[in-house]
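Quick note, the sequence shown lines up with residues 1281 to 1324 if you use my numbering.
Just so it is clear, CB atoms sit at the ideal spot from N, CA and C, and this is done for glycine as well.
These figures come from a predicted structure and were not determined experimentally.
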Amino acid sequence: MVKEVKDKGSSLRMHIIYTGPPETKYEDTIDLYASIMKRVVQHL
C-alpha cells in the first residue's frame, strides 16, 4: 500500500492506533488493516 501511494505521488499519510485489549491486538490489527486496504485499493 505504501509503495502504491508513493508511486502515485500522493501525500497521503496513514496512522493506525489500536486501543483494544492486548490479548487480541495482533489479530484485530490484521483484520483492521485488511478492511482498510479493501476500501483504499479501489481509489488507487
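Do Y1298 and D1311 come within 8 Å of each other at the CB atom, strictly closer than that value? no
Run through DSSP, which three-state label would K1288 get? coil
By DSSP, does P1302 sit in helix, in strand, or in coil? helix
Give me the Cα-Cα distance between K1305 and I1296, rounded to the nearest whole angstrom. Straight-line Cα distance between these residues: approximately 12 Å.
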